[in-house]
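58 is the number that UniProt numbering gives to position 58 of the first sequence; each next residue is one higher, with no gaps. Only one structure is covered here, and it is reproduced in the block below.
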Amino acid sequence: MASVSSQPQFRYTQPPSKVLHLRNLPWECTEEELIELGKPFGKVVNTKCNVGANRNQAFIEFADLNQAIAMISYYASSSEPAQVRGKTVYLQYSNRQEIVNNKTSADVAGNVLLVTIEGADARLVSIDVLHLVFSAFGFVHKITTFEKTAGFQALVQFSDSETASAAKNALDGRSIPRYLLPEHLGPCTLRITFSAHTDLSVKFQSHRSRDYTNPYLPVASSAIDGSGQFSMGFDGRKVEPESNVLLASIENMQYAVTLDVLHMVFSAFGPIQKIAMFDKNGGVQALIQYPDVQTAVVAKEALEGHCIYDGGFCKLHISYSRHTDLSIKVNNDRSRDYTSPVLSSQPSVLGQQPVPIPGPSTHQFEGAQYAPPSDQQVMHQPSAGWATSAAAAGAPPPPPQSMPMQQHNHPYMPPGTMPPQSVPGMMPMQTQTGLPQSAAMPPYSH
DNA sequence: AGCACA
1 MASVSSQPQF RYTQPPSKVL HLRNLPWECT EEELIELGKP FGKVVNTKCN
51 VGANRNQAFI EFADLNQAIA MISYYASSSE PAQVRGKTVY LQYSNRQEIV
101 NNKTSADVAG NVLLVTIEGA DARLVSIDVL HLVFSAFGFV HKITTFEKTA
151 GFQALVQFSD SETASAAKNA LDGRSIPRYL LPEHLGPCTL RITFSAHTDL
201 SVKFQSHRSR DYTNPYLPVA SSAIDGSGQF SMGFDGRKVE PESNVLLASI
251 ENMQYAVTLD VLHMVFSAFG PIQKIAMFDK NGGVQALIQY PDVQTAVVAK
301 EALEGHCIYD GGFCKLHISY SRHTDLSIKV NNDRSRDYTS PVLSSQPSVL
351 GQQPVPIPGP STHQFEGAQY APPSDQQVMH QPSAGWATSA AAAGAPPPPP
401 QSMPMQQHNH PYMPPGTMPP QSVPGMMPMQ TQTGLPQSAA MPPYSH
């Protein structure tokens, strides 16, 4: 055989290629900087940066071989070396003829996130919890879950890559808050990359996949209950037809729950159109109307079983109403139409709207929220809202209305990054109530 | 300062 030296001994005699190999680049050199460097010599059609163990190498590919030759020739005889950010960059022809795979799918932003849930109990995280977590950033279209060698993973589909990016930036590396998980679960950390998928295929609503854009998608046959109208949920609960109107019943109502309290609690998830309260079976119930089903679904999932006040008081039980549009005849202390300027301009029985209620304020969900370590102590504090009655059972009962469920800030949402469409009506609540921020008792502090 | 990775 003739000696075909595929591995040339002398790399400085590399034959020309339209791909150039760059080294000694500054840390985290960007594609833009590489293009700037090559642009005077021709058209840069592809780049790859952060190559090598030190991530200080890169490749740039020209449209034409002559352009690459021009760049090498120029710097071979130039008194000024090629530089990026003032750092000398060494150039040579690459031993390859084209850049392959410039970007991995994990680098290019898409509307679908690949979420790996880490932790011993990762696979016990329900799809509903994931939905709740990711819904903070926008409407979640679909979720599929699966187990691979990488562990328990989920694909979460948003409308667009901007929303997905916001969720990724906020949640990557963070842990799901303990209070969203069954008590015995260990920490569950989210690792998030972009998926190459753009539209997930969900055939059934099942314990491993959901399509929130299609509430009428058939439930997986394995989960169907014979009773007809209601099919069994994936976790054994009954599934009702979703509705934009929620029926909330209040259990253990030690303290008065006013219409305004309900408004504050439920408006965390979106604008409220109407509320009607009434007595039934010796307890108080309320119908809460949102403009759309999705908002109601998120509110129901977030609030079901939680207590408005710490200590297990005023526990909410929420189901979907068969109503779609409530008929509010008059605004009073039991019913209100927030969409009607005529009605709402009438003097309220309460004489104030809404009732300012002191309570924990907005810092609960900032940064530390998702910090993986040491949130065990959270459950031992008399925490603001979201405590399940069981979790809060040991806490001393607060005075009435001292601890309304926090509703000013949405879970998981770093302040300032909130997409306005995700929880409309939430920000105004902060100003309406005028709560002093300093009154906050962030249960997640430290 | 010396050639990448799904």
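Backbone N, C-alpha and C define an ideal beta-carbon position, used for all residues, glycine too. In this text the structure is predicted, and so the values were computed from the model without any measurement.
In the structure shown, residue 160 adopts coil according to DSSP, grouped into three states.
Looking at 328, 100, 305 and 216, the one whose alpha-carbon comes closest to that of residue 318 is 305. Boundaries of the beta strand (DSSP E) harbouring residue 286: 283 to 289, taken from the DSSP string.
Sequence-distant Cβ neighbours of residue 266 in its own chain, meaning closer than 7 Å and more than five residues away, are 272, 288 and 299. Residue 343 has its alpha-carbon roughly 16 Å from the corresponding atom of residue 325.
In this structure, residue 302 sits near residue 132, with a CB-CB distance shorter than 8 Å.
Between the segment 29 to 49 and the segment 119 to 126, the count of C-beta pairs closer than 8 Å stays below three; the two stretches do not touch.
Distance from the CA atom of residue 219 to the CA atom of residue 247, rounded to whole angstroms, is 23 Å. For residue 135, the uninterrupted alpha helix (DSSP H) segment begins and ends at 127 to 135. Here DSSP, grouped into helix, strand and coil, assigns residue 147 to strand. Between residue 192 and residue 217, the C-beta spacing is not below 8 Å. Cβ neighbours of residue 244 within its own chain (closer than 8 Å, five residues either side excluded): 289, 290, 291, 292, 293, 295, 296 and 324.
A straight-line Cα-Cα distance of about 53 Å links residue 27 and residue 312. By the neighbour-count criterion, in which a residue is buried when 16 or more other Cβ atoms sit within 10 angstroms of its Cβ, residue 39 is exposed.
In this structure, DSSP gives residue 54 a state outside helix and strand, which the three-state scheme calls coil. The Cβ-Cβ distance between residue 93 and residue 82 does not fall below 8 Å. Of all alpha-carbon atoms in 96, 214 and 316, the one lying nearest the alpha-carbon of residue 250 is that of 316. Between the segment 257 to 266 and the segment 197 to 216, the count of C-beta pairs closer than 8 Å stays below three; the two stretches do not touch.
Shown here for residue 90: same chain residues with a beta carbon closer than 6 Å to its own, the five before and five after excluded, namely 23 and 24 in chain order.
Within the same chain, Cβ atoms closer than 7 Å to the Cβ of residue 116 are found at 150, 151, 153 and 191, the five residues on either side in sequence being excluded. Assignment of residue 153 by DSSP, reduced to helix, strand and coil, places it in the strand class. Scanning the UniProt domain "RRM" (18 to 96) from its first residue to its last, the whole beta strand (DSSP E) runs of 3-plus residues come out as 19 to 23, 44 to 51, 57 to 62 and 90 to 93. Closest in C-alpha terms to residue 258, from the list 280, 176, 328 and 285, comes 285. In the structure shown, residue 304 adopts coil according to DSSP, grouped into three states. Using a Cβ-Cβ distance cut-off of 8 Å, the segment 175 to 189 and the segment 95 to 109 are not in contact, since fewer than three pairs of beta carbons, one from each stretch, lie closer than that value. For the options 33, 67, 34 and 51, the alpha carbon positioned closest to that of residue 16 is the one of 67. Boundaries of the beta strand (DSSP E) harbouring residue 194: 189 to 194, taken from the DSSP string. Residue 138 and residue 195 have their C-alpha atoms spaced approximately 17 Å apart.
DSSP places residue 211 within a strand segment (E or B) once states are collapsed to three. For residue 65 against residue 49, the beta-carbon gap comes to about 22 Å, at or over 8 Å, which does not count as contact.
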